[in-house]
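In our numbering, the protein residues as written are 173 to 483. C-beta: ideal position from N, C-alpha, C; glycine also. Okay, so here's the structure we're looking at.
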């Protein structure tokens, strides 16, 4: 029998599929890893599990403790999921700039949500700073452990298995990995593993064109949930990447819609941005190469937003 001991064992080993219809002819093969197949519908299950496990191991998180984090939704949902399984209280700092589905999902898993208002539903540097400060204040309470995803190296290693899965599933035939940047942990974790196997593999970062701070641009408002904090994240390692590609909110939304209609893949905006970036890299590398990107999460998390309103 193949029966998981608990739902945590269902994290990872997600499918890798080839995009067929949105990829122009003459370019590289583009593969997308369906991280929406994880228990909460997001790749963030991997990093949440890693951060909690490491904090348990070294005593930062004690039995009966409280997990605190600020989030654009998917990290908070994954932490709420881990907390439900392991019996931790989870307090999440959230905002009306992000989708209602994510808030509902977190509450359903037992998380307590502290809301921070946005400026008209826009994601800005000030919003992220306000959310971080609120989480810092909550972390001062007795028994609280702040996972502090922007500064926590534990979740970089949490993405190592994802890199190994990509390497194994492609039989080592991967020439570039393209990933949007929030904390930058997923790009670094996957990239580190791929580079161990193949030093020449290209690592390409994607960021919102409206807030292209990694490219040296100014901070600005955008609506690609989960990426583009408006400042360079502490975990960011510019030396690791070969290129940084700005992708606009409109481009990301349009690609998410195309993926639903043409490929049957239901994805969120950061995943749409990933595919936009991957197609650019595929065009440059040409036939015979393989580019891999991620479906960061499922489009079910965005039905209350305008992403699919025109579909």
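Just the C-alpha distance for residue i and residue j, rounded to the nearest angstrom, thanks.
i	j	result
residue 375	residue 415	7 angstroms
residue 363	residue 412	8 angstroms
residue 273	residue 244	11 angstroms
residue 320	residue 242	8 angstroms
residue 470	residue 437	9 angstroms
residue 203	residue 334	14 angstroms
residue 487	residue 307	Here the chain comprises residues numbered 173 to 483, so residue 487 is not present and cannot be evaluated.
residue 465	residue 351	6 angstroms
residue 176	residue 191	30 angstroms
residue 287	residue 345	44 angstroms
residue 324	residue 462	31 angstroms
residue 235	residue 207	30 angstroms
residue 434	residue 427	10 angstroms
residue 383	residue 405	13 angstroms
residue 271	residue 398	11 angstroms
residue 205	residue 229	30 angstroms
residue 253	residue 209	15 angstroms
residue 389	residue 343	38 angstroms
residue 450	residue 477	24 angstroms
residue 336	residue 373	14 angstroms
residue 340	residue 369	10 angstroms
residue 402	residue 227	28 angstroms
residue 262	residue 189	34 angstroms
residue 453	residue 246	27 angstroms
residue 322	residue 400	12 angstroms
residue 248	residue 301	17 angstroms
residue 312	residue 371	43 angstroms
residue 349	residue 391	25 angstroms
residue 305	residue 457	43 angstroms
Looking at residue i: is its Cβ nearer than 8 angstroms to the Cβ of residue j?
i	j	result
residue 265	residue 215	no
residue 294	residue 381	no
residue 196	residue 455	yes
residue 356	residue 318	no
residue 331	residue 232	no
residue 425	residue 479	yes
residue 299	residue 291	yes
residue 222	residue 347	no
residue 417	residue 194	no
residue 338	residue 359	no
residue 385	residue 310	no
residue 251	residue 220	yes
If you drop the 5 nearest sequence neighbours on each side, which residues of the same chain put their C-beta closer than 7 angstroms to that of residue i?
i	result
residue 179	211 and 257
residue 285	264, 266, 275, 278 and 279
residue 182	176 and 211
residue 467	204, 205, 206, 207, 208, 437, 439 and 443
residue 174	none
Can you give me the Cβ contacts of residue i inside the same chain, cut-off strictly under 6 angstroms, excluding the 5 residues immediately before and after it?
i	result
residue 420	381
residue 396	380, 421, 424, 441, 442 and 445
residue 315	237 and 238
residue 487	Outside the displayed range of the chain (173 to 483) lies residue 487, so it cannot be described from this structure.
residue 474	271 and 440
Suppose the cutoff is 8 angstroms on Cβ atoms and the five residues either side in sequence are ignored; what does the same chain contact list for residue i look like?
i	result
residue 423	381, 444, 445 and 448
residue 459	198, 199 and 200
residue 289	267 and 268
residue 410	386
Below 8 angstroms on the Cβ atoms is my contact criterion, and I expect residue i with residue j to pass it. Report the Cβ-Cβ distance as a whole number of Å.
i	j	result
residue 361	residue 329	6 angstroms
residue 255	residue 283	7 angstroms
residue 213	residue 472	6 angstroms
Are there any heavy atoms of the ligand ZN lying less than 7 angstroms away from the beta-carbon of residue i, as far as the coordinates show?
i	result
residue 280	For the ligand ZN, the structure offers nothing, since it holds no ligand at all.
Under 8 angstroms between C-beta atoms, does residue i make it to chain B?
i	result
residue 464	Absent from the structure: chain B. Only one protein chain is present.
To test your reading of the DSSP string, which unbroken alpha helix (DSSP H) runs of 4 or more residues are found completely within the stretch 284–358? 297–310, 326–329 and 332–341
Runs of 3 residues minimum, wholly inside the stretch 401–433: which ones carry the beta strand (DSSP E) assignment? 415–419
Scan the stretch 179–231 and note each continuous beta strand (DSSP E) run of 3 residues or more that stays entirely inside, going in chain order. 188–190 and 201–206
Every unbroken alpha helix (DSSP H) within the stretch 430–467, with a cutoff of 4 residues, ordered by chain: 441–457
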